[in-house]
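Residue numbers (this note's numbering): 1332 to 1519. Think of the CB as a built atom: it goes at the ideal place given N, C-alpha and C, for glycine as much as any other residue. The model shown is predicted, which means the values in this text are computed figures rather than measured ones. See below for the structure under consideration.
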Amino acid sequence: MRKKFSNKKILVGICASIAAYKTCELIRSLVSEGASVYVLVTKNALHFVTSLTLKTLSGHPVIENIFDEEEFDNIMHVQVAHWADLIVISPATANIIGKVAHGIADDIVSTTLLATRSPVIFAPAMNDQMYMNTIFQENLKKLKAHGYHFVEPESGYLACGYEGIGRLASQDAILKKIESCLKKVHSR
Ligand SMILES: Cc1cc2nc3c(=O)[nH]c(=O)nc-3n(C[C@H](O)[C@H](O)[C@H](O)COP(=O)(O)O)c2cc1C
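Rendered as structure tokens:
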């Protein structure tokens, strides 16, 4: 039987949020549905998940550094940006959203995002006050206007102890968004 993501090349970017562990399950689901998955991490994300876990789940070395050249033989961020049918950033921190909104490319995740023409999905996760911050909201609006896709966070109990909006969307919602974006023609 044909799997949902057969022959699809998906880059998963992970940022430094407490919700990073949930993306391990997402990677597992993508791989078991036939996707070829490479994982990009910010340096800070490795406080929350290990490279070994991500490498084992994706079946490929984890891309952590702009200047590593492990699997892709040329300029890596350009190659992976080109390779991907779709990029999903989960969890997306306020920081990565701010960086992309301002064209900053100072690590492997932000640099790859600037170098791609493939659809990009952000699944933000953060404290409710960070989420409601007007600067963050402006960045969100700007990225949406530029054609970036979002899976909106949920409201509920947050890891910081507060209740509010900012919980990473469910795995199901993220998978559905990936599926629908892959069906569309490139949007940027
Ligand atoms: C325990 C802990 C949890 C955090 N969770 C989040 C989060 O869910 N969302 C967020 O935007 N920032 C969160 N932060 C702050 C980010 O880790 C921080 O802004 C960092 O610089 C982001 O780096 P990155 O975007 O390069 O991964 C958290 C920090 C700590 C110490």
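Buried/exposed call for residue i, threshold 16 Cβ in 10 Å
i	result
K1374	exposed
N1338	exposed
A1412	buried
R1498	buried
I1466	exposed
Y1493	exposed
S1518	Unreliable placement is indicated for S1518, whose pLDDT of 45 sits below 50; the coordinate value is still reported in the next sentence. Counting Cβ neighbours within 10 Å, S1518 comes out exposed, since fewer than 16 surround it.
S1449	buried
L1383	exposed
S1486	exposed
T1285	Coverage of the chain is limited to positions 1332 through 1519, which leaves residue 1285 absent and any answer about it impossible.
Y1488	exposed
M1407	buried
H1378	exposed
T1442	buried
K1353	buried
K1430	buried
Beta carbon of residue i nearer than 8 Å to that of residue j
i	j	result
I1509	I1452	yes
A1351	I1345	yes
V1393	A1446	no
Q1468	E1356	no
K1473	A1432	yes
F1336	L1361	yes
I1496	Y1462	yes
C1520	N1458	Given that the chain is displayed from residue 1332 to residue 1519, the structure contains no residue 1520 and the question cannot be resolved.
A1415	L1471	no
Per DSSP, the bridge partner or partners of residue i
i	result
I1496	S1486
S1367	K1340
F1453	I1420, F1481
I1345	V1372
I1394	L1371
Cβ separation of residue i and residue j, assumed to be a contact under 8 Å, to the nearest whole Å
i	j	result
E1364	K1334	5 Å
A1456	P1422	4 Å
N1396	I1439	6 Å
V1370	S1348	Not a contact, Cβ separation roughly 15 Å.
I1505	A1454	5 Å
Heavy atom of ligand 2 within 7 Å of residue i beta-carbon
i	result
T1381	Ligands present in the displayed structure are limited to ligand 1, and ligand 2 is not among them.
Just list the beta strand (DSSP E) runs in the segment 1405 to 1441, keeping only unbroken ones of 3 residues or longer that don't cross its boundaries, in chain order.
Considered as a whole, the segment 1405 to 1441 harbours 1417 to 1423 as its complete beta strand (DSSP E) runs of no fewer than 3 residues, in chain order.
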